[in-house]
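Note that my numbering has the sequence shown beginning at 25, numbered continuously upward. Where a beta carbon is used, it is the ideal one built from N, C-alpha and C, also for glycine. Keep in mind it's a predicted model, so treat the numbers as computed, not measured. The structure appears right after this line, and notes come after that.
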Amino acid sequence: MINPGHRYILGNLPPPVGGVSTFMRRHLSRLRASGEQFEARDWVKMSAVERVRWILFLALFPRRLQLEFNAYETWAMGAVVLRPFRTHLTLRIHSGGPESRLSPGRQWIFRRFLGRVDHLILVGPHVRDVLARAGFELPCEPEIQPAFLPPPPEDEPAILQTYGDRGLSFLESHSPLLVLQGSDTFHDGVDLYGTDLALDVLADLRRTHPRAGLVVGSPSRGDAAFQAYCLGLDDRMAAEGIQDAVWILDGERELWPLIKRASVFLRPTTSDGDSIGVREALHFGVPVVASDVVPRPDGVRLFASRDSEDLIRAVRAALGATGAEGAGASHPVPQQSHRPR
Numbered sequence: 025m026i027n028p029g030h031r032y033i034l035g036n037l038p039p040p041v042g043g044v045s046t047f048m049r050r051h052l053s054r055l056r057a058s059g060e061q062f063e064a065r066d067w068v069k070m071s072a073v074e075r076v077r078w079i080l081f082l083a084l085f086p087r088r089l090q091l092e093f094n095a096y097e098t099w100a101m102g103a104v105v106l107r108p109f110r111t112h113l114t115l116r117i118h119s120g121g122p123e124s125r126l127s128p129g130r131q132w133i134f135r136r137f138l139g140r141v142d143h144l145i146l147v148g149p150h151v152r153d154v155l156a157r158a159g160f161e162l163p164c165e166p167e168i169q170p171a172f173l174p175p176p177p178e179d180e181p182a183i184l185q186t187y188g189d190r191g192l193s194f195l196e197s198h199s200p201l202l203v204l205q206g207s208d209t210f211h212d213g214v215d216l217y218g219t220d221l222a223l224d225v226l227a228d229l230r231r232t233h234p235r236a237g238l239v240v241g242s243p244s245r246g247d248a249a250f251q252a253y254c255l256g257l258d259d260r261m262a263a264e265g266i267q268d269a270v271w272i273l274d275g276e277r278e279l280w281p282l283i284k285r286a287s288v289f290l291r292p293t294t295s296d297g298d299s300i301g302v303r304e305a306l307h308f309g310v311p312v313v314a315s316d317v318v319p320r321p322d323g324v325r326l327f328a329s330r331d332s333e334d335l336i337r338a339v340r341a342a343l344g345a346t347g348a349e350g351a352g353a354s355h356p357v358p359q360q361s362h363r364p365r
């Protein structure tokens, strides 16, 4: 039901759980708690009929609309470009990646949409450079606003239950604990989030820390090519005898309670925005080791992207600065009843 009396906030809503969808859930929760009126829209979850109605509404509704875009949406943005009526338009760009890879036709739509934006929010200053390299001129001075919002602590017990007995046993029996948000796609021919590099670190670390473990948040294994890559990683873990030291957190389960218990949070990405996971780790006082592909927040220990040896050095330095047991020792897993998985 379209209600023109509310502000409309557009973006990806979970599932799946990701950086933008996590921000959206927390952002909307805060707005509701403050009493603001709005309606949320997720283009991906609309039916074909709902999409047609939404496009017509955006283009033709004669009263003033307040729209906040949190994701690139060709048809919705095109409707706004055609709209002859008053609109207050907010655009939050989380990485600039989708916008920098547009076809010529979509570039035309986005350039004209961008020209109508009243309030532009970038999650970091590097996004300005990404847009400039793609040939987009900003319509106004952007507000730099990281997308991180602290996770609600009251959600933690329910999330811990989704890990099951096996997951909680893994946390209790492995230290130091490395945590990585995995991906299901390639970037420039390599794993975008660097699971292969994390295995390099784990294999090296277990020579001196035999109880070391790695958690990889991996909702899916992607397309056929990425699935084949994952099977290769499975074979590698078996050959190196580290398969029992790796827990793949599959499905749509939140990662932040694991980040909270990590000794080091890894972010060996080949491309990035303002990572929610990095911000969550810093929020909890957990050391972060991340690639140098984009500017990172203060407190992050950098390594040269795709340089396995440099990553290993950085992780060992992070552990040495905090003690081998790391931050996980200060966040014990609560004892409670859990459903087995």
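Could you check if Glu-123 is buried or exposed, using at least 16 other CB atoms within 10 Å of its CB as the buried criterion? With 16 or more other CB atoms across the displayed protein chains lying within 10 angstroms of its CB, Glu-123 is buried.
Taking Cβ positions, are Val-313 and Ala-286 nearer each other than 7 Å? No, the pair does not count as a contact, with Cβ atoms beyond the cut-off.
Taking just the CA atoms, how far does Val-310 sit from Gly-136? It should be noted that the sequence gives Arg, not Gly, for residue 136. When rounded, the distance between both Cα atoms is 42 Å.
Expected contact under 8 Å - CB spacing of Leu-80 and Leu-113 to nearest Å: With 8 Å as the limit, Leu-80 and Leu-113 do not qualify as a contact, their Cβ atoms being about 18 Å apart.
Our contact map puts Leu-4 next to Leu-202 with C-beta atoms below 8 Å; I'd like the distance itself, whole angstroms only. The displayed coordinates of the chain run from 25 to 365. Any statement about residue 4 would go beyond what the structure contains.
List the whole-angstrom C-beta distance separating Thr-16 from Leu-195, where the pair is believed to meet the contact cut-off of C-beta under 8 Å. Since the first residue of the chain shown is 25 and the last is 365, residue 16 is not available in this structure.
Assuming contact is defined by CB atoms lying nearer than 7 Å, are Ile-183 and Glu-167 in contact in what I supplied? No, these two residues do not count as a Cβ contact at 7 Å.
Quick one: give me the first and last residue of the alpha helix (DSSP H) that Ile-266 is part of. Counting along the chain, Ile-266 falls outside any alpha helix (DSSP H), and DSSP gives it neither H nor E.
Less than 8 Å between the CB atoms is what I'm expecting for Arg-245 and Ala-269, so what's the real figure, rounded? Taking C-beta atoms under 8 Å as the contact rule, Arg-245 and Ala-269 fail to qualify, at a distance of about 20 Å.
Does the contact criterion of 3 or more C-beta pairs under 8 Å hold for the segment 269-285 versus the segment 300-307? Judged by Cβ distances under 8 Å, the segment 269-285 makes contact with the segment 300-307, as three or more pairs qualify.
Of the choices Ile-133, Pro-234, Leu-226, whose alpha-carbon is the least far from that of Val-240? Closest option to Val-240, Cα to Cα, is Leu-226.
How far does the beta strand (DSSP E) with Glu-97 in it reach, from first residue to last? Where Glu-97 is concerned, there is no enclosing beta strand (DSSP E), because DSSP gives it neither an H nor an E.
Ala-252, buried or exposed, once every other Cβ within 10 Å from all chains shown has been counted against 16: Its Cβ having fewer than 16 others within 10 Å, Ala-252 is exposed.
Under 7 Å between C-beta atoms of Pro-38 and Arg-56: Cβ distance not < 7 Å, so Pro-38 and Arg-56 don't count as in contact.
If I'm right that Val-44 touches Asn-94 with Cβ under 8 Å, what's the distance once you round it to whole angstroms? In this structure Val-44 is in contact with Asn-94, their Cβ atoms being roughly 6 Å apart against a cut-off of 8 Å.
Would you tell me roughly how many angstroms separate the C-alpha atoms of Ala-262 and Leu-290, rounded to the nearest one? Ala-262 and Leu-290 have their C-alpha atoms some 22 Å from each other.
Among Phe-250, Leu-126, Thr-98, Leu-106, whose alpha-carbon lies nearest the alpha-carbon of Val-68? Checked all of Phe-250, Leu-126, Thr-98, Leu-106; the closest Cα to Val-68 is Thr-98.
Glu-366 versus Pro-163 - alpha carbon distance: Because residue 366 is not part of the residues shown, which for the chain are 25 to 365, the question remains open.
Can you list the beta strand (DSSP E) stretches of 3 or more residues lying completely in the segment 155-240, in chain order? Every beta strand (DSSP E) stretch that sits fully inside the segment 155-240 and reaches 3 residues is listed by chain position as 201-205.
Checking 7 Å against the spacing of the C-beta atoms, do Leu-335 and Leu-221 come in under that value? Yes, the pair counts as a contact, with Cβ atoms nearer than the cut-off.
Neighbourhood of His-143 by C-beta distance below 6 Å, restricted to the same chain and skipping five residues each side: Thr-114.
Taking the alpha carbon of Ser-315 as the reference point, which residue from Gly-191, Ala-328, Gly-301, Pro-321 has its own alpha carbon closest? Check the Cα spacing between Ser-315 and each of Gly-191, Ala-328, Gly-301, Pro-321: the tightest is with Ala-328.
Tell me whether Pro-364 sits in a helix, a strand or coil according to DSSP, three-state version. Below a pLDDT of 50, predicted positions are generally treated as unreliable, and Pro-364, at 30, falls in that range; the measurement from the model is reported next regardless. DSSP places Pro-364 outside both helix and strand once states are collapsed to three, so it counts as coil.
Are there 16 or more other CB atoms within 10 angstroms of the CB of Phe-366, so buried, or fewer, so exposed? This structure cannot speak to residue 366, because the chain is shown only from 25 to 365.
DSSP three-state assignment for Leu-37, whether helix, strand or coil: The DSSP-derived three-state label of Leu-37 is coil.
Using 10 angstroms around the beta-carbon of Arg-363, count the other beta-carbons present and answer buried if the total reaches 16, otherwise exposed. Reliability fails at Arg-363, whose pLDDT of 31 lies under 50, so the model's placement of it is uncertain and the value that follows must be treated cautiously. Arg-363 is exposed by the Cβ-count criterion.
Do the CB positions of Pro-40 and Pro-243 come within less than 7 Å of each other? A contact, by the Cβ cut-off of 7 Å.
Candidates Gln-267, Pro-200, Ser-299: which alpha carbon is nearest Thr-346's? Of the candidates Gln-267, Pro-200, Ser-299, the one whose C-alpha sits nearest the C-alpha of Thr-346 is Pro-200.
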